[in-house]
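> The structure is given below, and queries will be raised subsequently.
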Amino acid sequence: MNNRITVIGSSNVDMIMQVPRLPQLGETVTNGRFLQTYGGKGANQAVAAARAGGNVTFVTCLGDDMFSRDIIANLKRDGIETDHVLIKKGVPTGTCLIMFDADGANYLAADPGANFALEVADVDRCTDLIASSAMLVVQMEIANATTQRALEIAAEKKVKTLVNFAPLQTTLLPVSPLMHGLIVNETEAERLTGLPVSTPEQAQRAARSLLNQGPAFVLVTLGSKGAWAVSSEVDERVPAFPAAAVDTTAAGDTFCGALAVALVEGKGLVEAAKFASAAAAIAVTRVGAQPSIPTRKEIDQFIPTGCESKPVVPSLPD
Ligand code: RIB
181 MNNRITVIGS
191 SNVDMIMQVP
201 RLPQLGETVT
211 NGRFLQTYGG
221 KGANQAVAAA
231 RAGGNVTFVT
241 CLGDDMFSRD
251 IIANLKRDGI
261 ETDHVLIKKG
271 VPTGTCLIMF
281 DADGANYLAA
291 DPGANFALEV
301 ADVDRCTDLI
311 ASSAMLVVQM
321 EIANATTQRA
331 LEIAAEKKVK
341 TLVNFAPLQT
351 TLLPVSPLMH
361 GLIVNETEAE
371 RLTGLPVSTP
381 EQAQRAARSL
391 LNQGPAFVLV
401 TLGSKGAWAV
411 SSEVDERVPA
421 FPAAAVDTTA
431 AGDTFCGALA
441 VALVEGKGLV
451 EAAKFASAAA
461 AIAVTRVGAQ
471 PSIPTRKEID
481 QFIPTGCESK
491 PVVPSLPD
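Residues 181 to 498 in my numbering are what the sequence shown spells out, letter by letter.
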């Protein structure tokens with residue numbers, strides 16, 4: 181059975197600061213704890229899929245700097261195929277500054293760097309790879325034209341796509357039938373539909389509205405309130421697993437990567453979303469993007485207990 185999951189998207193160097201509370205404008209907050217690790221929504225989703233048991237190939241663009249070789253080595257350690265990882269001269273690897281507080285709330289600011297140097301022609305050179313995949317996974321952290329071309333190739337080659345509409349760029353790609361599965365959070369669903377989305381009922385309305393634009397299924401995620409799943413056969417809320425959140429960075433990425441694996445394994449939409457929710461519930465208890473992403477063993481052990489996941493970092497002094 182073809183089980184290859186190709187992820188096309190961003191890679192970042194994450195500069196993370198855990199702070200007792202997020203600063204006001206112009207304020208300095210002290211007693212933080214710093215961690216430099218690797219992230220980027222594309223890379224996180226590739227890592228999440230690989231750790232959840234997927235056969236993953238990652239297409240991304242890094243800068244010609246001190247980080248790129250380490251990022252590739254890191255991806256390889258997770259068993260990810262990196263033959264299509266590009267290194268381009270004259271651009272820095274993408275960077276993201278992340279600050280999160282004692283409640284796990286965060287601020288993120290990114291410099292796309294090399295992520296925006298991944299061009300349409302680079303994706304065209306991946307046509308055979310895409311054609312040989314069971315699923316293509318994309319996000320919105322590279323140039324829209326590049327993402328759109330990847331979706332077009334997948335459609336031409338009849339390969340299913342999973343689209344995580346994050347982050348919201350200034351100009352948005354149109355939601356279309358090129359997007360087989362669409363995953364959005366509350367903010368993304370609001371921007372794409374113009375509807376308010378904070379309750380499960382509102383998420384259901386937004387999900388139906390997005391489904392009418394062409395995807396075969398839509399998942400609107402609501403953090404601790406779960407997710408709403410709609411398709412021609414499903415219209416139901418998928419509850420979240422309770423979790424003692426420390427840092428929600430990459431929870432959405434973990435959800436998407438794990439979801440891709442579950443779908444490629446043949447699980448139905450609701451069962452796949454539950455598997456993805458379990459992975460995300462574990463990720464929020466740990467600090468950082470890729471360091472927080474669980475393995476298949478951890479997810480499989482967590483699901484039957486359904487018990488509250490515990491934080492794994494001590495809190496900071498006040
Ligand atoms: O979704 C989390 C990711 O967003 C971080 O790893 C950061 O790099 C940004 O891309």
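The beta-carbon is built from N, C-alpha and C at its ideal position, and this holds for glycine as well. It should be emphasised that the depicted structure is a prediction, and the values quoted were computed from it without experimental measurement.
#1: Considering only DSSP beta bridges, list what E261 is partnered with.
#2: Could you have a look at C436 and say whether DSSP puts it in helix, strand or coil?
#3: Mind pulling the beta strand (DSSP E) runs of 3 or more residues that sit fully within the segment 367-425?
#4: Nearest to T327 by alpha carbon, out of V355, A425 and R388?
#5: Can you say whether K221 is buried or exposed, counting buried as having 16 or more other CB atoms within 10 angstroms of its CB?
#6: Verify the contact flag: S190, CB atom, against every heavy atom of ligand 1, threshold strictly below 8 angstroms.
#7: Starting from F280, follow its DSSP beta bridges and name the residues at the other end.
#8: Please classify R358 as buried or exposed, where buried requires at least 16 other C-beta atoms within 10 Å of its C-beta.
#9: Consider the C-beta atom of I505 and the heavy atoms of ligand 1; say whether any pair is separated by less than 8 angstroms.
#10: From which residue to which residue does the beta strand (DSSP E) around N344 run?
#11: Okay, do the segment 263-277 and the segment 292-300 touch, 3+ Cβ pairs below 8 angstroms being the bar?
#12: Tell me which residue opens and which closes the beta strand (DSSP E) that A482 is part of.
#13: Hey, A425 and D283: beta-carbon distance below 9 angstroms or not?
#14: Between P347 and ligand 1, is the CB less than 8 angstroms from at least one heavy atom?
To lay it out plainly:
#1: T237, per the DSSP bridge assignment.
#2: Judged by DSSP in its simplified three-state form, C436 adopts helix.
#3: List check, beta strand (DSSP E) in window: 397-401, 407-411 and 415-418.
#4: If we check each option's Cα against that of T327, V355 comes out closest.
#5: So K221 counts as buried.
#6: Relative to the non-hydrogen atoms of ligand 1, the Cβ of S190 comes within a distance shorter than 8 angstroms of at least one.
#7: Paired residues: Q198 and N286.
#8: Reading the sequence as shown, one finds Leu at residue 358 and not Arg. Around the beta carbon of L358, 16 or more other beta carbons lie within 10 angstroms, which makes this residue buried.
#9: Summary: the structure shown does not reach residue 505, with the chain confined to residues 181 through 498, and so no result is reported for it.
#10: Unbroken beta strand (DSSP E) run through N344: K340 to N344.
#11: Between the segment 263-277 and the segment 292-300, the count of Cβ pairs shorter than 8 angstroms is three or higher; the stretches touch.
#12: For the record, residue 482 in the displayed sequence is Phe; it is not Ala. Segment R476 to T485 is the alpha helix (DSSP H) holding F482; no beta strand (DSSP E) there.
#13: The answer is yes: Cβ separation under 9 angstroms.
#14: Indeed, a heavy atom of ligand 1 lies less than 8 angstroms from the Cβ.
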